[in-house]
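Notes to accompany the following structure.
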Amino acid sequence: MKPWLIFGAGHGVGAHLLALANQHTDAAANPRSVTLLIRNQQQAEELRRQGLTVVCGDACDPASVLKACQLAGPEAAIISTLGSRSADYQGNRLIIDTAEQLGLKRMLLVTSIGCGDSWPTLSPAARKVFGQAVREKSLAESWLQTSNLIYTLIRPGGLLDKPATGKAIRLQTEAHGRVTRADVAQHLSLIIEDTTTYHQVFALVEPGLISSLVINIS
């Protein structure tokens, strides 16, 4: 079972992925090794008490990222769900560069619909609200795609805080819609060791999903 190194596990999709990882970690037979980089010190301490390997630091800090990658080891799969102005590109670029330096080989990067070649599908309104973040995430995608890492890019639709439905679908065509953070995490957990997803880009949405909740892309 491949170890996981999660960046962004403090909230959102990353927190849901961590919950899935904990299900495996608690298993008596063949527990999963999980390493995290967490910025909040109190949260980091709580996760350590749960038996997880945690580095308390920032994804834009070279020493913190280096330590996390070293602790995880070269066989670890990196999953980045980072979502902030500083981390969208700079943090993810640092992770990619450090992984290459230390010989880690596998990385999943969560961005959003509208990134990269899907930019033309964004409406003018969406570009006005999310355009800057989408462009930063697109830079990170390009940096990963031109690295030596075995990548998979996941571009979710509008993210919702609702229980997983299991109805989200992966698409490699133009896609619009919404998806729950919990369902994104479920898909990530399935993709990590799926060789058919290597060097692929997927949009992730749930057809027909409607909610009045606030939507964002982090």
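Per my numbering, the sequence shown starts with residue 1, numbered consecutively.
The C-beta atom is built at its ideal place from N, Cα and C for all residues, glycine as well.
Since this is a predicted model, take the numbers as computed values, not measurements.
Just the C-alpha distance for N148 and I78, rounded to the nearest angstrom, thanks.
14 Å
Less than 8 Å separating the beta-carbons of T180 and L160?
yes
Candidates A168, P74, A133 and G158: which alpha carbon is nearest L190's?
A168
To the nearest angstrom, report how far apart P74 and L104 are at their CA atoms.
4 Å
With L108 and T173 assumed to form a contact (beta carbons below 8 Å), what rounded beta-carbon distance in angstroms separates them?
Not a contact, Cβ separation roughly 20 Å.
What residue range is occupied by the uninterrupted beta strand (DSSP E) comprising R106?
Start and end: R106 to V110.
Measuring alpha carbon to alpha carbon, tell me which residue in A87, G114, V184 and L139 is nearest V129.
G114
Does the separation of the CB atoms of I150 and H199 fall below 8 Å?
yes
Contact between the region 80-89 and the region 6-20: three or more CB pairs below 8 Å?
yes
For H21 and A44, what's the separation of their Cα atoms in angstroms?
First, the amino acid is wrong: residue 21 is Ala here, not His. Cα to Cα, the separation comes out at about 16 Å.
Taking only three categories from DSSP, how would you classify C115?
coil
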